[in-house]
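Asks:
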Amino acid sequence: MTKRLLAALLAALLTLSLAACNKDNGKNNGKVDIPTAQTGTDDFQKNLHQSEKLSFVETDTGYYFSSESLYYIEKETMNTTIVCAKPDCDHTDDNVCNARITAYYLLNVGDKVNYVTMNYNNGVRKKLVQSVNLDATDRQIVQELKFKEISSSSSSYDQAIYHRGYIYYISDDILYRVVLGGEKDDAEIVWNPERTEDTEILNGYPVFTGNSMEYTLWADGDLVYFMVNVQDADGLTRYSLFAFDLTDKSVRQVWVTPSKDEVGEWETTGVKVSQWYVMGGYIYFYLSGGDFWRGDLSTGKNEKLADVHEKVQYGSAVFSDDYLCVLNDIPVGFYGETEPTPGGMFRYYGDTIFVYALDGTYIKEISLTGLFDDPSDMAQIDMLFCSGSDIFFLTTGMSVTEGAGPFASLTGHPGAVNLCCADIETGEVEVIYNFRKG
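Take the sequence shown: its letter number 259 is residue 1374 in this note's numbering, and every next letter is one higher.
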């Protein structure tokens, strides 16, 4: 509940900042040329699905992302702009600005950008797939997804993903898939937690449904993965990783969150890992307040790759195919358990990113202190994703009541919300977009 409240609060702050945007970006004066043709990928873009704050898709030349509006980041220059070519548009009117789309998550990009949104009509809520051209013109409904509005699911940020022609999504605690552009009634059930008779379970543990299911979806090659909270034979709720095999449509449990006995003292072991990444038959996972591990999905054996806790007491992280990038902040789940006590309802912001190769080799540290004139005004940094040698993250400023704990009253006004990038190779850090100034 706290996690979803924090995410909603940040979204509200970002919306306030967007309302103040003008048509000119202080960095590029709104002159980024949005390509008219792109080459995306038919496979799930793993490294872009690390954040709960924004949704991203990658093309050959840049990244699209959504937060009340559609944006584009040009890879070569890092110039960032709202995807709207209308002259004199202030990008605030939903009925005028092309870029003003409400995308819960972006699915993929090719000739068009496809995304999932909600539609409310006469009290009925529908989950829709929509598309826009690469310049955000010609908005169209692609399809309606089979969806039950009443659900106990409190799914995480990856409520839908695209992989090899199919959309995978959650409705009423059930994992479905349907062809992009397909009919609503053609959706097929991938996994139903109430019907697990054909699911291969590790160690013979039965799977029970809890009061609130939480899913995170993933894909790698011929396997589509989902992490979900289930109960074992002892009644302990643990997050487990399941794999759906595209070749024979079988589902099997391949990994369970390790216990303290296996990975050492860590406050939330046995519940949920802080960040994870599946690639090539392994799950790579980081334990905030702990270390960097790898689990073999064929044997279930876990091995420690790096003693991250020697450099970072706590932290949040993002993975890519090459790196683990850890920010030395204090995640929300540790509020009230660490010193110094973070002010307000945000995580303590951190000031350094530590970079590791996926084999556990320590690469370097990148200081973020040059971003802030007054670090005490920095309430939060949110890691977004890593691509190539670039690490993307959000910074949010906020004045808060000191020492009031996790439910402190906010004072003053929201500060700047900035999109930033750190270069692993050079160590350079820059603000590439200010959502208040545009």
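The beta carbon of each residue, even a glycine, is placed where N, CA and C say it ideally should be.
Do residue 1372 and residue 1354 have their CB atoms nearer than 8 Å?
Replies: Translated into the one-based positions of the sequence shown, residue 1372 becomes position 257. Translated into the one-based positions of the sequence shown, residue 1354 becomes position 239. It is a contact, given that the beta carbons lie within the stated cut-off.
Asks: Mind checking whether residue 1477 and residue 1537 have CB atoms under 8 Å apart?
Replies: The residue labelled residue 1477 in the question sits at position 362 within the sequence shown. The residue labelled residue 1537 in the question sits at position 422 within the sequence shown. It is not a contact, given that the beta carbons lie outside the stated cut-off.
Asks: In the DSSP output, what is residue 1224 paired with across the bridge?
Replies: Sequence index remark: in the sequence shown, residue 1224 carries index 109 (1-based). Partner(s): 1228.
Asks: So, at 8 Å on beta carbons, what are the nonlocal neighbours of residue 1300 in its own chain, with the 5 sequence-adjacent residues on each side left out?
Replies: If you number the sequence shown from 1, residue 1300 lands on position 185. Closer than 8 Å at Cβ, skipping near neighbours: 1261.
Asks: Could you give the C-beta distance for residue 1275 and residue 1220, rounded to a whole number, given that I count them as a contact under 8 Å?
Replies: In the sequence shown, the residue the question calls residue 1275 occupies position 160. In the sequence shown, the residue the question calls residue 1220 occupies position 105. That pair is a contact at about 6 Å.
Asks: Closest to residue 1349 by CA distance: which of 1278, 1323, 1329, 1356 is it?
Replies: Here the question's residue 1349 lines up with position 234 in the sequence shown. Selected option, being the one with the closest Cα: 1323.
Asks: Let me know the secondary structure DSSP gives residue 1183 once reduced to three states.
Replies: Counted from its first residue, the sequence shown places residue 1183 at position 68. Looking at residue 1183 - three-state DSSP - the assignment turns out to be coil, as it is neither helix nor strand.
Asks: Going by Cα to Cα distance, which pick from 1347, 1227, 1427, 1400 is closest to residue 1172?
Replies: Locating residue 1172 in the sequence shown gives position 57, counting from the first residue. When each option's Cα is compared against that of residue 1172, the closest is 1227.
Asks: Whose C-alpha, out of 1312, 1283, 1314, is nearest the C-alpha of residue 1303?
Replies: Reading the sequence shown from its first residue, position 188 is the one you call residue 1303. When each option's Cα is compared against that of residue 1303, the closest is 1283.
Asks: Given that a residue counts as buried once 16 or more other Cβ atoms are within 10 Å of its Cβ, and exposed if not, what is residue 1509?
Replies: What you label residue 1509 is simply residue 394 of the sequence shown in a count that begins at 1. By the neighbour-count rule (16 or more Cβ atoms within 10 Å), residue 1509 is buried.
Asks: Out of 1416, 1533, 1441, 1309, which one is the CA nearest neighbour of residue 1427?
Replies: Working through the sequence shown from its first residue, we reach residue 1427 at position 312. When each option's Cα is compared against that of residue 1427, the closest is 1441.
Asks: Can you grab the Cα-Cα spacing for the pair residue 1169 / residue 1160, in whole Å?
Replies: Position 54 of the sequence shown, counted from the start, is the residue given in the question as residue 1169. Position 45 of the sequence shown, counted from the start, is the residue given in the question as residue 1160. Answer to the nearest angstrom: the Cα atoms are 14 Å apart.
Asks: I believe residue 1315 touches residue 1240 by the beta-carbon criterion, under 8 Å. Please report the beta-carbon distance rounded to the nearest angstrom.
Replies: The residue given as residue 1315 occupies position 200 in the sequence shown. The residue given as residue 1240 occupies position 125 in the sequence shown. That belief does not hold up - the Cβ atoms of residue 1315 and residue 1240 are roughly 35 Å apart, past 8 Å.
Asks: Between residue 1465 and the rest of its own chain, which residues show a CB-CB distance below 6 Å, the 5 nearest in sequence each way excluded?
Replies: Within the sequence shown, the letter at position 350 stands for residue 1465. Around residue 1465: 1442, 1443, 1444, 1496.
Asks: Can you tell me whether residue 1308 is buried or exposed? The criterion is at least 16 other CB atoms within 10 Å of its CB, across all chains shown.
Replies: Numbered from its first residue, the sequence shown carries residue 1308 at position 193. When all chains shown are included, residue 1308 counts as buried.
Asks: Buried or exposed: residue 1191, going by 16 or more other Cβ atoms within 10 Å of its Cβ?
Replies: The count along the sequence shown starts at 1 and reaches residue 1191 at position 76. Per the 10 Å Cβ criterion, exposed.
Asks: Would you say residue 1330 and residue 1290 are within 8 Å of each other, going by their C-beta atoms?
Replies: As a working note, residue 1330 is residue 215 in the sequence shown. As a working note, residue 1290 is residue 175 in the sequence shown. Cβ atoms of residue 1330 and residue 1290: closer than 8 Å.
Asks: Who are the Cβ neighbours of residue 1388 in its own chain at under 8 Å, not counting the five residues just before and after it?
Replies: As a first step, residue 1388 must be located in the sequence shown, where it is residue number 273. 1354, 1372, 1400, 1401, 1402.
Asks: Quick check on the DSSP output: what are the complete alpha helix (DSSP H) runs of length 4 or more inside the segment 1305 to 1392, in order along the chain?
Replies: Counting only runs of 4 or more, we get 1375 to 1378.
Asks: Report the three-state DSSP secondary structure of residue 1144 (helix, strand or coil).
Replies: In the sequence shown, the residue the question calls residue 1144 occupies position 29. Because the pLDDT at residue 1144 is just 40, under 50, the model does not fix this residue reliably, and the point stays unresolved.
Asks: My understanding is that residue 1244 touches residue 1224, with C-beta atoms under 8 Å, so please give their C-beta distance in whole angstroms.
Replies: Residue mapping note: residue 1244 aligns to position 129 of the sequence shown, counting from 1. Residue mapping note: residue 1224 aligns to position 109 of the sequence shown, counting from 1. 13 Å between Cβ atoms; not a contact.
Asks: When you compare the CB positions of residue 1433 and residue 1405, do they come within less than 8 Å of one another, or not?
Replies: As a working mapping, residue 1433 is identified with position 318 in the sequence shown. As a working mapping, residue 1405 is identified with position 290 in the sequence shown. No, the Cβ-Cβ distance between residue 1433 and residue 1405 is not below 8 Å.
Asks: To the nearest angstrom, how far is it from the Cα of residue 1280 to the Cα of residue 1358?
Replies: Translated into positions along the sequence shown, residue 1280 becomes position 165. Translated into positions along the sequence shown, residue 1358 becomes position 243. One C-alpha to the other measures close to 18 Å.
Asks: For the putative contact between residue 1197 and residue 1182, defined by C-beta atoms under 8 Å, what is the C-beta separation to the nearest angstrom?
Replies: Position 82 of the sequence shown, counted from the first residue, corresponds to residue 1197. Position 67 of the sequence shown, counted from the first residue, corresponds to residue 1182. Between residue 1182 and residue 1197 the Cβ distance is about 10 Å, and since that is not below 8 Å, they are no contact.
Asks: Have a look at residue 1487 and residue 1534 and give me their C-alpha separation to the nearest angstrom.
Replies: Counting from 1 along the sequence shown, the entry for residue 1487 is found at position 372. Counting from 1 along the sequence shown, the entry for residue 1534 is found at position 419. Whole-angstrom Cα-Cα distance: 13 Å.
Asks: Rounded to the nearest angstrom, how far is the Cβ of residue 1501 from that of residue 1435, given a contact under 8 Å?
Replies: Within the sequence shown, residue 1501 is the residue found at index 386, counting from 1. Within the sequence shown, residue 1435 is the residue found at index 320, counting from 1. Right, the Cβ-Cβ distance comes to about 4 Å (below 8 Å), so this counts as a contact.
Asks: I need the straight-line Cα distance from residue 1250 to residue 1297, nearest angstrom please.
Replies: Locating residue 1250 in the sequence shown gives position 135, counting from the first residue. Locating residue 1297 in the sequence shown gives position 182, counting from the first residue. The alpha-carbon atoms of residue 1250 and residue 1297 are separated by roughly 25 Å.
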